[in-house]
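Engineer:
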Amino acid sequence: MKFINYAMAAVTATCLALASPVLAQSVAANSIEAINAAPQGTDIAIRIDLKEPLATAPTGFSVAKPAKIAFDFPSTANGLGKNSLVFKEGDLQSVNVVEAAGRTRLVLNLTRSMKYTTRLDGKSLYVVLSEIPVVPDSLAQRVTRFTEETAVGKRHALQDVVFRRGKDGEARIIVDLSDAGTGIDIRQQGKNLIVDFIKTNVPDNLRRKLDVTDFGTPVTAVETKAIGENARMTISPQGLWEHNAYQSDNQFVVEVKRIVEDPNKLVQGTKTGYQGPRVSINYQNGDVRALLRLMAEELGLNAVISETVTGTTTLVLKDVPADQVIDIIFQQKGLDMRKKGNIMLIAPRDEIATREKLEFESRQQISELEPIQMEQFVLNYQKAQDVARLLSGIAIGGGAPAQRILSKRGNAVADPQSNLLFVNDIPSKLEEIRTFIRAIDIGARQVMIEARVVEASDTFNRDLGVRMNFLSARSTQMGGSGIYGGGGTYSPSGQVTNNAVGINLPSFSNVGGTLAFSLFNASLTRILNLELAALETDGIGKIVSSPRVITANNVKAKIQDGTEIPYVTTVAGGGVATQNVSFKTAALSLEATPQITPEGTVRMVLVVKKEEPDWTRAVLGNPPIKTATVETNVVVENGGTVVIGGVYITKKENVTEKVPLLGDIPFFGYLFKYQNDSGQRRELLFFITPRILSDKLQIN
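Per my numbering, the sequence shown starts with residue 1, numbered consecutively.
#1: List in chain order: all unbroken alpha helix (DSSP H) runs of 4+ residues lying wholly within the region 600-650.
#2: Tell me which residue opens and which closes the alpha helix (DSSP H) that Thr435 is part of.
#3: Hey, how far is the Cα of Val413 from the Cα of Ala384?
#4: Which class does Ala57 belong to by DSSP, given the choice of helix, strand or coil?
#5: Measuring alpha carbon to alpha carbon, tell me which of Ile69, Ala322, Lys191 and Phe436 ends up nearest Thr117.
#6: What is the DSSP secondary structure of Ser694, reduced to helix, strand or coil?
#7: Do Lys556 and Leu588 have their C-beta atoms closer together than 8 Å?
#8: Tell me the rounded alpha-carbon separation between Ala77 and Ser178.
#9: Taking the beta strand (DSSP E) that Phe771 belongs to, which residues open and close that run?
#10: Counting pairs of Cβ atoms below 8 Å between the region 417-428 and the region 372-379, do you hit three or more?
#11: Can you tell me whether Ile688 is helix, strand or coil according to DSSP?
#12: With a cut-off of 8 Å on the beta carbons, I'd call Val602 and Ile596 a contact; round off their distance for me.
#13: Going by Cα to Cα distance, which pick from Arg164, Arg445 and Leu421 is closest to Thr213?
#14: Roughly how many whole angstroms lie between the Cα atoms of Val785 and Val544?
#15: Suppose only complete runs of 3+ residues qualify. What are the beta strand (DSSP E) ranges in the region 209-251, listed by chain order?
#16: Kindly give me the distance between the Cβ atoms of Gln332 and Thr313, rounded to whole angstroms, as I take these residues to be in contact under 8 Å.
#17: Let's see if you can read the secondary structure: which residues bound the alpha helix (DSSP H) around Lys357?
#18: From the DSSP output, in three-state form, read off Gln40 for me.
#19: Looking at the secondary structure, which residues open and close the beta strand (DSSP E) in which Ser418 lies?
#20: Count the other CB atoms within 10 Å of the CB of Trp615; is the residue buried (16 or more) or exposed (fewer)?
#21: Pick helix, strand or coil for Ala388, following the three-state DSSP scheme.
#22: To the nearest angstrom, how far is the alpha carbon of Met337 from that of Val320?
#23: Is it buried or exposed, Ser280, if we count other Cβ atoms within 10 angstroms and call 16 or more buried?
#24: Pull up the DSSP beta-bridge partners for Ser702, would you.
#25: Distance check for Val98 and Leu106, CA to CA, integer angstroms please.
#26: Any contact between the region 30-47 and the region 78-94? By contact I mean 3 or more CB pairs, one from each, below 8 Å.
#27: Is Lys191 helix, strand or coil by DSSP?
#28: Can at least three beta-carbon pairs, one atom from the region 337-348 and one from the region 357-366, be found at a separation below 8 Å?
#29: So what does DSSP say about Gly663, is it helix, strand or coil?
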């Protein structure tokens with residue numbers, strides 16, 4: 001027997017996805033030195049040479065779709081210097097080697113599912129791949145053995161069954177097993193997917209049928225029950241779907257994804273490459289039409305072959321997917337296909353392109369000649385005038401012009417009083433407009449923003465930090481999250497943008513403004529309200545105002561409190577001086593733009609601005625306006641609190657104390673009075689708490 005060495009390539013992302021949880025870092029005592037493969041009759045023999053002999057064969061598991069077999073070598077390094085090799089020996093395509101945390105995972109990439117046996121011989125491990133025999137059952141279905149039972153004679157059990165919805169809308173059924181040696185069979189029976197766990201007990205609390213229709217996945221129900229000495233899980237999908245299964249230690253996962261049908265693909269699905277049944281062809285100078293008819297029958301397709309498809313071809317192929325054979329014929333003869341429903345049209349590319357061009361031109365002519373119809377739309381949440389502008393491609397609020405949705409002959413008229421929209425257009429456009437209005441005419445979620453403005457002394461943030469840091473330490477011991485803060489600098493004449501950093505906030509120092517940016521979770525926010533009231537009672541801080549405002553999602557809310565300063569300007573003209581009075585706002589304002597995230601948190605763009613006149617630097621009686629601005633973009637838990645500081649109020653006081661009568665004597669009165677100049681700097685702290693409102697205007 002002759003073995004052939006091959007070069008290694010990059011590790012695929014699929015192998016990384018199959019990797020089990022990272023184990024503790026350990027020093028590799030062994031290493032894989034070489035991997036060889038060769039055919040052995042109908043089987044494939046793989047020899048893995050190691051630096052030191054193995055005590056026991058490594059743990060292995062297999063994946064049905066895509067077909068893979070993986071082995072884990074503990075305390076073993078990759079001594080090959082490369083990460084992948086290509087074999088192309090029968091059903092063995094390539095081998096990937098992944099080293100992580102002191103162990104190495106070897107993955108065999110196959111074209112179809114195969115069973116395997118292992119044997120140790122000195123420093124070598126032999127793996128023999130062979131075909132999986134058909135296991136007949138009552139419905140004569142083909143059973144795919146996902147993984148063999150390795151712990152023979154041991155009774156297995158299901159520990160938990162969890163259903164989840166993936167980020168792409170796929171269904172994920174997660175099964176916790178008592179051990180990794182459980183044998184698993186997977187097969188498709190009718191419209192259902194059957195998973196059998198060999199010699200496995202099912203606890204009473206797991207013998208149930210889960211109705212998972214509300215999750216919005218292809219799966220509608222998952223039923224788990226005992227069948228003899230085995231456990232059977234029946235997964236009921238709907239529509240066009242495909243499944244993928246994998247196992248990581250004691251956890252087995254089945255994913256069922258919805259297939260979006262591509263009319264230009266022979267075999268549907270998201271798997272890369274060709275997925276049709278494998279055929280062997282020895283076709284010598286035969287008719288192309290006859291060969292295409294044969295391949296269509298093999299794939300179970302309804303094919304209509306154009307009379308313009310002519311010529312002969314010669315093909316000698318062995319064990320090739322049928323859809324790849326059709327693709328080869330298309331490339332040779334310049335053919336293409338289009339699918340309408342379950343019928344496939346095969347014709348030369350030029351003929352199909354000409355037909356499509358004529359079809360598009362006829363549609364354009366029909367749209368220009370088709371009679372116009374009027375339809376009335378009742379809008380519940382959007383304004384009819386705004387929707388009419390959107391349909392006509394007119395910008396709203398001075399923005400960039402939008403793409404026109406109406407046809408050239410269509411128009412839209414809005415009635416502001418009844419909020420009705422009347423659209424005149426062709427029937428095909430009316431259907432698009434109906435879908436467009438249905439998508440945008442929905443109620444926006446709302447957020448109540450509660451802002452507490454606290455005027456505090458320099459010791460306020462230190463006292464609050466000491467109290468809340470103690471509570472944070474207690475919360476951490478109980479598994480909760482305490483106060484989190486992030487640094488930020490502030491400039492009285494400019495702006496600052498703070499970013500949240502996940503660090504525990506200790507007690508604050510005596511320097512004012514240290515509490516520049518802090519986050520409190522929802523549980524600590526309740527305690528924070530009591531602490532603010534207590535500190536106000538102690539005279540350390542004072543709640544200046546506590547406004548509340550409700551705004552829609554992604555709509556700016558503004559809270560402002562201040563005065564308008566008059567400015568007098570003199571304009572000379574025609575020998576007469578005219579005085580004009582104008583006003584400029586000097587106020588304390590807060591602008592918040594909330595955005596509700598899919599996780600249920602609230603992202604807020606906050607702008608805090610404080611403006612006040614500086615009468616000490618007035619010019620001709622007109623004071624300049626001192627402005628301090630703080631900007632931040634932060635994600636806050638629903639019901640949590642973000643604190644922004646760094647805006648100061650400076651007060652100067654001149655106090656004169658004197659002896660009555662004697663202190664009023666000219667010149668000598670200075671001997672009987674005392675003048676004290678004092679300055680006080682207090683900080684404004686903004687405690688902002690967003691709360692998401694439910695559809696019934698109740699606070700969540």
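Glycine is no exception: its CB is placed at the ideal position from the N, C-alpha and C atoms. Predicted, not measured: the structure shown is a model, and the values here were computed from it.
Structural biologist: According to the structure shown:
#1: none
#2: Pro427 to Ile440
#3: 8 Å
#4: coil
#5: Ile69
#6: coil
#7: no
#8: 29 Å
#9: Residue numbering for the chain in the displayed model covers 1 to 700; residue 771 lies beyond these limits and cannot be assessed.
#10: yes
#11: strand
#12: 6 Å
#13: Arg164
#14: No answer is possible for residue 785: the residues shown for the chain start at 1 and end at 700.
#15: 219-227, 230-237 and 241-248
#16: 6 Å
#17: Arg349 to Leu369
#18: strand
#19: Premise fails: Ser418 is in no beta strand (DSSP E) and is neither H nor E.
#20: exposed
#21: helix
#22: 20 Å
#23: exposed
#24: Past the edges of the chain, shown from 1 to 700, lies residue 702, and the structure says nothing about it.
#25: 6 Å
#26: yes
#27: coil
#28: no
#29: helix
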